[in-house]
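Residue numbers (the numbering used here): 78 to 298. We treat Cβ as the ideally placed atom computed from N, Cα and C, and that holds for glycine. Small disclaimer: the values here were computed from a predicted structure and weren't measured. A short write-up of the structure that comes next.
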Amino acid sequence: MEIKVLKNIMKRNEDRAAVNRNLFDRFGVLAVNMMSSPGAGKTTILEKTVSELQDSLKIAVIEGDLMTSRDAERIHRYGVPVVQINTEGGCHLDANMVNRALEELDLENLNVIIIENVGNLVCPGAFDLGEHFKIVVGSVPEGDDKPEKYPLMFQESKACILNKIDLLEYSNFNEEKFTNDVQSLNPDIKIFRMSAISGEGLAEWCHWLKKEALEVRKLGK
Ligand code: MG
Ligand code: ZN
Numbered sequence: 078m079e080i081k082v083l084k085n086i087m088k089r090n091e092d093r094a095a096v097n098r099n100l101f102d103r104f105g106v107l108a109v110n111m112m113s114s115p116g117a118g119k120t121t122i123l124e125k126t127v128s129e130l131q132d133s134l135k136i137a138v139i140e141g142d143l144m145t146s147r148d149a150e151r152i153h154r155y156g157v158p159v160v161q162i163n164t165e166g167g168c169h170l171d172a173n174m175v176n177r178a179l180e181e182l183d184l185e186n187l188n189v190i191i192i193e194n195v196g197n198l199v200c201p202g203a204f205d206l207g208e209h210f211k212i213v214v215g216s217v218p219e220g221d222d223k224p225e226k227y228p229l230m231f232q233e234s235k236a237c238i239l240n241k242i243d244l245l246e247y248s249n250f251n252e253e254k255f256t257n258d259v260q261s262l263n264p265d266i267k268i269f270r271m272s273a274i275s276g277e278g279l280a281e282w283c284h285w286l287k288k289e290a291l292e293v294r295k296l297g298k
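And the structure:
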């Protein structure tokens, strides 16, 4: 009985994700689902990404959070459209929540929507939001064992950002192990080394994201 309920939930999510995907494709808007544990630096990466790319791309952000709108306020300062979703304790975003957030955005005037998922390394990996791809952010202080412990996030992602590399020299984080583990879970994944705080690695990531956005725009009708 319980399994049937879960199947129904997942089926409903898939249907709604398909609706979102159609919208993104129709308007030629790249949609990225950004996942990580709490504190890996997603919002800081977004702030830097928005400020780097906002002259060349029209970016909007959807902020998923348990309770607060703190992250949305941080993004709002950059003058880009931002929609807050409060999950009220829910540990992941689902396609229906994103669908409602899309009503607040002018898709016709956007090139990229980045969805910051709830900080959680478990279930966000299992929920399709209709995005073109997922990315996972790991960070040095979390330790190098996260790919081994939470493989789904890394298997489901097109890119992985290793953030806070400025802290490598103060920790026993084994970057080679991290990279090998990520690549053995997902041989096609693109890995970016970054320190969002210092700006190291930011240009490479932004260049890649821009290229992805232009691909999607070409396909838009
Ligand atoms: Mg955040
Ligand atoms: Zn969850």
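Once DSSP output is grouped into helix, strand and coil, what is the label at residue i?
i: Lys235; result: strand
i: Gln131; result: coil
i: Ser261; result: helix
i: Gly202; result: helix
i: Ile266; result: coil
i: Glu208; result: coil
i: Asn163; result: strand
i: Val106; result: coil
i: Cys283; result: helix
i: Thr145; result: coil
i: Tyr247; result: helix
i: His169; result: coil
Which residues does DSSP list as the beta-bridge partners of residue i?
i: Glu277; result: Ser272
i: Asn240; result: Ser216
i: Glu193; result: Met111, Glu140
Return yes when the C-beta of residue i is under 7 Å from any heavy atom of the ligand MG, and no when it is not.
i: Lys211; result: no
i: Thr120; result: yes
i: Glu193; result: yes
i: Met148; result: In the sequence under discussion, the amino acid at residue 148 is Asp, which differs from the Met named in the question. Answer for Asp148: yes, Cβ within range of the ligand MG.
At the level of alpha carbons, what is the spacing between residue i and residue j?
i: Gly297; j: Thr256; result: 34 Å
i: Ile139; j: Arg177; result: 11 Å
i: Ser234; j: Asn194; result: 13 Å
i: Glu165; j: Arg147; result: 14 Å
i: Asp102; j: Val293; result: 7 Å
i: Leu279; j: Arg270; result: 9 Å
i: Glu277; j: Lys288; result: 19 Å
i: Glu185; j: Leu83; result: 35 Å
i: Pro158; j: Leu182; result: 7 Å
i: Cys237; j: Lys267; result: 6 Å
i: Gly156; j: Asp222; result: 37 Å
i: His250; j: Lys241; result: Strictly speaking, residue 250 in this sequence is Phe, with His absent from that position. Cα to Cα, the separation comes out at about 11 Å.
i: Arg154; j: Glu252; result: 34 Å
i: Val160; j: Ile191; result: 11 Å
i: Arg89; j: Phe204; result: 11 Å
Taking 7 Å as the cut-off, is the beta-carbon of residue i closer than that to any non-hydrogen atom of the ligand ZN?
i: Asn197; result: yes
i: Cys200; result: yes
i: His153; result: no
i: Cys283; result: no
i: Cys237; result: no
I want to see whether chain C comes within less than 8 Å of residue i, judged by CB atoms only; does it?
i: Lys287; result: Chain labels in this structure do not include chain C; a single protein chain is all it has.
Checklist entry - Contact between the stretch 256-267 and the stretch 129-139: three or more CB pairs below 8 Å? => result When Cβ pairs closer than 8 Å are counted between the two stretches, the stretch 256-267 is seen not to touch the stretch 129-139, the count staying below three.
Checklist entry - Is the stretch 209-223 touching the stretch 99-114 in the sense that three or more CB pairs, one from each, lie closer than 8 Å? => result Enough Cβ pairs lie closer than 8 Å, so yes.
Next on the checklist: Under 8 Å: do the stretch 215-223 and the stretch 170-187 share three or more Cβ pairs, one atom per stretch?
Outcome noted: No: the two stretches stay apart, fewer than three of their Cβ pairs being nearer than 8 Å.
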